[in-house]
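Novice: Right, I'll just put the structure down here and ask away after.
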Amino acid sequence: MIVNRKKLNLWERLYLPAVIGGFVVTIRHFFKKKVTMQYPEQRWVVPEGYRGAPYLVKDQEDRTKCVSCQLCEFVCPPKAIRITPPGPEGAADAGNVEKGPREFEINMLRCIFCGYCQEVCPEEAIFLMKDYSLNAQSRDELIFNKEKLLALGGVHNDKIQKWKTKADEARQQGLEP
Amino acid sequence: MSTNVKTETPPAPAPVEKIKVKVDGREVEVPKTMPDPMTGKPVPTTMIQACQAIKVDVPHYCYHPRLPVAGNCRMCLVEFGTPSLGPDRKPILNPDGSPKISKSPRPAIACATPISPGMEIYTNTPGVKLMREGVLEFLLINHPLDCPICDQAGECKLQEYSVDYGQTQSRFAEVKVHKPKRVELGPRIILDDERCILCTRCIRFTRDIVGDDALGIVNRGSFNTLTAYPGRVFDNNYTLNTVDLCPVGALTSKDFRFQMRVWFLKETKSLCTSCATGCNVIVGSREGRVYRYEPRENDAVNATWMCDYGRLNYRWIHSPDRLTRVILRTGGSESASDWKTALPQLAAKLKSAAPGSVAIIGSARQTTEELFLLGKLARHFQAVTDAPPRVGQADHLLLNADRNPNTNGTVFTGIAATPPGANLKKIADGIREGKIKSLIVFGEDVTRHGIGTDLLAKLDLLVVSDILPNATTKAAHYLLPGCAHVEKRGTFVNAKGRVQKFMKAVEAKGDARPEIEFLSELLQGVTGGTTPQSLEGLFNQMAGELPALQGVTWAALGDTGVTVQI
Chain A
1 MIVNRKKLNL
11 WERLYLPAVI
21 GGFVVTIRHF
31 FKKKVTMQYP
41 EQRWVVPEGY
51 RGAPYLVKDQ
61 EDRTKCVSCQ
71 LCEFVCPPKA
81 IRITPPGPEG
91 AADAGNVEKG
101 PREFEINMLR
111 CIFCGYCQEV
121 CPEEAIFLMK
131 DYSLNAQSRD
141 ELIFNKEKLL
151 ALGGVHNDKI
161 QKWKTKADEA
171 RQQGLEP
Chain B
1001 MSTNVKTETP
1011 PAPAPVEKIK
1021 VKVDGREVEV
1031 PKTMPDPMTG
1041 KPVPTTMIQA
1051 CQAIKVDVPH
1061 YCYHPRLPVA
1071 GNCRMCLVEF
1081 GTPSLGPDRK
1091 PILNPDGSPK
1101 ISKSPRPAIA
1111 CATPISPGME
1121 IYTNTPGVKL
1131 MREGVLEFLL
1141 INHPLDCPIC
1151 DQAGECKLQE
1161 YSVDYGQTQS
1171 RFAEVKVHKP
1181 KRVELGPRII
1191 LDDERCILCT
1201 RCIRFTRDIV
1211 GDDALGIVNR
1221 GSFNTLTAYP
1231 GRVFDNNYTL
1241 NTVDLCPVGA
1251 LTSKDFRFQM
1261 RVWFLKETKS
1271 LCTSCATGCN
1281 VIVGSREGRV
1291 YRYEPRENDA
1301 VNATWMCDYG
1311 RLNYRWIHSP
1321 DRLTRVILRT
1331 GGSESASDWK
1341 TALPQLAAKL
1351 KSAAPGSVAI
1361 IGSARQTTEE
1371 LFLLGKLARH
1381 FQAVTDAPPR
1391 VGQADHLLLN
1401 ADRNPNTNGT
1411 VFTGIAATPP
1421 GANLKKIADG
1431 IREGKIKSLI
1441 VFGEDVTRHG
1451 IGTDLLAKLD
1461 LLVVSDILPN
1471 ATTKAAHYLL
1481 PGCAHVEKRG
1491 TFVNAKGRVQ
1501 KFMKAVEAKG
1511 DARPEIEFLS
1521 ELLQGVTGGT
1531 TPQSLEGLFN
1541 QMAGELPALQ
1551 GVTWAALGDT
1561 GVTVQI
């Protein structure tokens, strides 16, 4: 395609009006509300539903909600999640849940924050939180282990508490869950 | 009850009268009778067998082709019709000449209803779909739905059929009946009674196949509970088959419990190496680690079963003391080496050995191809050879007294003496007298077979290839690390002469290499001749040279093997 270059008229060729016009824009912004944020002293408040780093949560009774079903490990597109199942003895403190991860690692360098893990989790144990700025001195530091993920994830208020309900029902029927 | 496990291809049965039925409008011709899974006597063919003949899938839980029919799960309900007969006992015909079908007013369970000539079976009508949905809804009433912690998840029939016929929401508003969880039925089995759908497959298996009537159902109605007989432990040698049979996650293996989710496991067709029966197995592995063995169907060997002893005999593969380095020992000093240095050096040393001064001890745990190459080496040196026997207690079903997987391979290739083990004393005497100066040992600890460390110290050259360290590997001048059978390919010949192949599931650790690779190189270095590069080529060459394997080819072995005369 050939673009015909229009000849500049006299007013345009004068140059100065255009420069002054530019200054007018600058001066207008000078008196407007400032949009630049003083990062990192100032932090952006992320909107609701933002997909940040995935962390593990505990319920209000301090139970690690993850049961080591490994669906997130399976669904994770970049294979950032690695779970070590508990083995035949199960998790020692899991009670009637029987299972829990012996180790749970997320490689935050691999994670693409897609949210599949949260979506697939049948136990509501992993959530994409609001952290968007993960820094470290080495690659190893960005492989988060179970303790770190749980500490970062905090408590999720579980309204249903299905495992507790199951245990209570079994107790009412005279069984030790 | 051993009749069920056919270890030989049965003679061709007498021709059975065939009858024609229609499945979903497609005509199929099936035999009027089929052998009963338990007794082998002809019994009328059932609708589910007719459907299977034309590859129409009928959902089922309690039916299993190798167990007696129980007909209690009701999942296989289908609709059907039969040709209607007039008062003259002749079929009534439609105007177009086809027989008039009178549809049965009620459904029938396909697993236990015999077919009749002209019968029409309908498996995809709206009515059948409704029945399946209804049955499934009932089965799920008291099911705990704890799939996230259930080891069966991923290979669970209840999950699969729920996807096909399940409801998204339960209509059951009452409290579910809770039953005991984590019940230790036996040393290898943990039972979760809540998950049980009472199909009784496990009960029928242990009663009718194993002959150990250990399990039963107690209590009534929705309190039905599977349990072992009071005071008894479910501990026969075949208990883990009930875990495979269980269509849900009620019976779980203690060994595999909470180890790995099944969808991660790579399945490799392989063989069990724990005895001469050579049960076909599927090795489940992930990222170089073996997690479980499961039986693989082979009518000529193990039907669909395998014993617990063989199934659990895999932990040694990942033993931390596996031999992974080529090691040279000269005059008491030990040094790590590599294949490139060790093999030519060894070949040069062996080349100068005088005929008759070499003895070779192979192992009946080696593959036939390795034994064939060892045999070639033995012929070159006119060596005395043998393979020590390994004997245990046989049982009534599958476990063979011969605990070596490839005794017949050692016989075919001429490595084993007759009877196996007879030459071991001769070799010991030869070393003592100084006639035998070099000894090549593969996969056996000869100090347990009369050739003690004092005799090994007298040798000029001791070449040992093994997987795990033992007294013989500690004395070796050349230690060549080999592969476990899941780390390589090859064939075994079982006690009945069944030649079967197995595939590689995981990579070998460290410098360990499949034995046929370094044996070929060694043979080439010693004799100058070449051997085929591929395992397939080597097998075909072997089959051509060994009279016992005449006419067998690698391709003909298939997944289930070929029986040869022994």
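As you go down the protein sequences, you meet chains A and B in turn.
The letter at position 138 of the first sequence is residue 138 when you use our numbering, and the numbering goes up by one with no holes.
In our numbering, each residue's number is its place in the second sequence (first place is 1) plus 1000.
Ideal Cβ positions, reconstructed from N, Cα and C, are used throughout, including at glycine.
1) Using the beta-carbon of each residue, which ones in chain B are nearer than 9 Å to A:F127?
2) Span of the beta strand (DSSP E) holding B:M1034?
3) Run through chain B and tell me which residues come within less than 7 Å of A:V46, C-beta to C-beta.
4) Which residues of the stretch 143-171 of chain A have a Cβ closer than 8 Å to any Cβ of chain B? Give them in chain order.
5) Mind listing which residues of the stretch 82-98 of chain A have their C-beta closer than 7 Å to chain B's C-betas, in chain order?
6) Using a beta-carbon distance cut-off of less than 8 Å, what residues from the stretch 113-126 of chain A approach chain B?
7) Measuring only between beta-carbons, confirm whether A:C69 sits less than 8 Å from chain B.
8) Relative to the ligand GTP, is the shortest distance from any of its heavy atoms to the C-beta of B:Q1152 smaller than 7 Å?
9) Check whether chain A comes within 8 Å of B:F1172, counting only Cβ atoms and requiring the distance to be less than that.
10) Out of curiosity, what's the CA-to-CA distance linking B:D1466 and B:L1479?
11) State the beta-bridge partners of B:P1634 as determined by DSSP.
12) Based on DSSP bridge pairs, tell me the residues matched to B:Y1291.
13) Closest Cβ-Cβ distance between B:F1442 and chain A: below 8 Å?
14) Helix, strand or coil, according to DSSP, for A:D168 in the structure here?
15) Would you mind telling me which residues of chain A sit closer than 7 Å to B:P1148, beta carbon to beta carbon, in chain order?
16) I need the straight-line Cα distance from B:A1476 to B:T1330, nearest angstrom please.
17) B:P1187 CB to nearest chain A CB: under 8 Å?
18) Using only alpha-carbon positions, find the residue among A:G87, A:I27, A:Q42, A:I83 that is nearest to A:L56.
19) Looking only at DSSP bridge pairs, what is B:T1491 linked to?
20) So, for A:I143: in the same chain, excluding its five sequence neighbours on each side, which residues have a beta-carbon less than 6 Å away from its beta-carbon?
21) Measure how close the beta-carbons of B:T1252 and B:V1243 come, nearest whole angstrom, since I'm counting them as under 8 Å.
22) What are the boundary residues of the beta strand (DSSP E) that B:V1283 is part of?
23) Just to confirm the assignment: which complete beta strand (DSSP E) runs, minimum length 3, are found wholly within the stretch 1304-1391 of chain B?
24) Quick one: list the residues of chain A neighbouring B:F1258, beta-carbon separation under 7 Å, in chain order.
25) State the start and end residues of the unbroken alpha helix (DSSP H) segment that holds B:V1441.
26) For B:G1186, which residues from the same chain have a beta carbon less than 6 Å from its beta carbon, with the 5 sequence-adjacent residues on both sides left out?
27) Between the alpha carbons of B:A1359 and B:I1440, how many angstroms are there, rounded?
28) Per DSSP, what are the beta-bridge partners of B:P1481 in this structure?
29) Nearest to B:C1396 by CA position, among B:K1157, B:E1517, B:R1106, B:N1302, is which residue?
30) When you compare only the Cα positions, how much space is there between B:A1347 and B:N1313?
31) Quick one, which of A:E61, A:C114, A:N135 has its alpha-carbon nearest A:G49's?
32) Is it true that the CB of A:G95 sits closer than 8 Å to the CB of A:P86?
33) Do A:G52 and A:K146 have their beta-carbon atoms positioned less than 8 Å apart in this structure?
34) Using the C-alpha atoms, what's the distance from A:E123 back to B:P1114?
35) Within a Cβ cutoff of 6 Å, which residues of the same chain sit near B:I1121, ignoring the five residues on either side of it in sequence?
36) Under the assumption that B:P1295 contacts B:V1283 (Cβ atoms under 8 Å), give the Cβ distance between them as a whole number of angstroms.
Specialist: In brief:
1) Position 127 of the first sequence, counted from the start, is the residue given in the question as residue 127 of chain A. The contacting residues do not exist; A:F127 stays about 16 Å from chain B at best.
2) Position 34 of the second sequence holds residue 1034 of chain B. Its beta strand (DSSP E) spans residues 1033-1035.
3) For the purposes of this step, residue 46 of chain A is taken as residue 46 along the first sequence, with counting starting at 1. Simply none; closest approach about 30 Å.
4) K166, E169, A170
5) P85, P86, G87, P88, G90, V97, E98
6) P122, E123
7) Here residue 69 of chain A refers to the residue found at position 69 when the first sequence is read from its first residue. Residue contact check for A:C69 against chain B: a CB pair falls below 8 Å.
8) Although the ligand GTP was asked about, the structure shown includes no ligands whatsoever.
9) Taking the first residue of the second sequence as 1, we reach residue 1172 of chain B at position 172. Chain A, which has no Cβ nearer than 8 Å to the Cβ of B:F1172, makes this no.
10) For the purposes of this step, residue 1466 of chain B is identified with residue 466 of the second sequence, where counting begins at 1. For the purposes of this step, residue 1479 of chain B is identified with residue 479 of the second sequence, where counting begins at 1. Rounded to the nearest angstrom, the two C-alpha atoms are 8 Å apart.
11) Any answer about residue 1634 of chain B is impossible in this case: the structure gives chain B only from 1001 up to 1566.
12) Here residue 1291 of chain B is taken as the residue at index 291 of the second sequence, counted from 1. Paired residues: none, contrary to the question.
13) Taking the second sequence and counting its residues from 1, the one referred to as residue 1442 of chain B is at position 442. B:F1442 does not count as touching chain A.
14) Within the first sequence, the letter at position 168 stands for residue 168 of chain A. Helix, per DSSP.
15) In the second sequence, residue 1148 of chain B corresponds to position 148, counting from 1. Here the neighbours are V67, C69, P122, E123.
16) Mapped onto the second sequence, residue 1476 of chain B falls at position 476. Mapped onto the second sequence, residue 1330 of chain B falls at position 330. About 9 Å.
17) By one-based count along the second sequence, residue 1187 of chain B stands at place 187. Judged by the 8 Å Cβ criterion, B:P1187 is not in contact with chain A.
18) Within the first sequence, numbered from 1, the residue matching residue 56 of chain A stands at position 56. Of A:G87, A:I27, A:Q42, A:I83, the residue nearest in Cα terms is A:I83.
19) Against the second sequence, residue 1491 of chain B aligns to sequence position 491. BP columns for B:T1491 point to B:K1501.
20) One-based indexing of the first sequence puts residue 143 of chain A at position 143. Excluding sequence neighbours, A:I143 sits near E105, N107.
21) Here residue 1252 of chain B is taken as the residue at index 252 of the second sequence, counted from 1. Here residue 1243 of chain B is taken as the residue at index 243 of the second sequence, counted from 1. That pair is a contact at about 6 Å.
22) The residue you call residue 1283 of chain B lines up with position 283 of the second sequence. It spans 1280-1286 - the beta strand (DSSP E) in which B:V1283 sits, taken as one unbroken run.
23) 1326-1330, 1333-1337, 1358-1361, 1384-1386
24) Start at 1 with the first residue of the second sequence, and residue 1258 of chain B comes out as number 258. Those within 7 Å of B:F1258 in chain A are P85, P86, G87, P88, G90, K99.
25) As a working mapping, residue 1441 of chain B is identified with position 441 in the second sequence. From DSSP, B:V1441 is part of no alpha helix (DSSP H) but of the beta strand (DSSP E) over 1438-1442.
26) Against the second sequence, residue 1186 of chain B aligns to sequence position 186. Within the same chain, B:G1186 has close Cβ partners V1233, F1234, D1235, T1239.
27) By 1-based counting over the second sequence, the position of residue 1359 of chain B is 359. By 1-based counting over the second sequence, the position of residue 1440 of chain B is 440. If you take the alpha carbons of B:A1359 and B:I1440, they lie about 6 Å apart.
28) Numbered from 1 along the second sequence, position 481 holds the residue referred to as residue 1481 of chain B. For B:P1481, which the question treats as bridged, DSSP gives the partners B:D1466.
29) Residue mapping note: residue 1396 of chain B aligns to position 396 of the second sequence, counting from 1. Note that residue 1396 of chain B is His in the sequence shown, not Cys. Among B:K1157, B:E1517, B:R1106, B:N1302, the Cα nearest to that of B:H1396 belongs to B:N1302.
30) As a first step, residue 1347 of chain B must be located in the second sequence, where it is residue number 347. As a first step, residue 1313 of chain B must be located in the second sequence, where it is residue number 313. Straight-line Cα distance between these residues: approximately 35 Å.
31) What you label residue 49 of chain A is simply residue 49 of the first sequence in a count that begins at 1. Measuring C-alpha to C-alpha distances from A:G49 to each of A:E61, A:C114, A:N135 identifies A:C114 as the nearest.
32) To locate residue 86 of chain A, count along the first sequence from 1; it is residue 86. To locate residue 95 of chain A, count along the first sequence from 1; it is residue 95. Cβ distance not < 8 Å, so A:P86 and A:G95 don't count as in contact.
33) Taking the first sequence and counting its residues from 1, the one referred to as residue 146 of chain A is at position 146. Taking the first sequence and counting its residues from 1, the one referred to as residue 52 of chain A is at position 52. Result no, Cβ atoms of A:K146 and A:G52 do not sit closer than 8 Å.
34) Counting from one through the second sequence, the residue named residue 1114 of chain B turns up at place 114. Counting from one through the first sequence, the residue named residue 123 of chain A turns up at place 123. If you take the alpha carbons of B:P1114 and A:E123, they lie about 46 Å apart.
35) Within the second sequence, numbered from 1, the residue matching residue 1121 of chain B stands at position 121. V1023, M1047, V1078, F1080, listed in sequence order.
36) Here residue 1295 of chain B refers to the residue found at position 295 of the second sequence. Here residue 1283 of chain B refers to the residue found at position 283 of the second sequence. The pair is not a contact, with the Cβ atoms about 11 Å apart (cut-off 8 Å).
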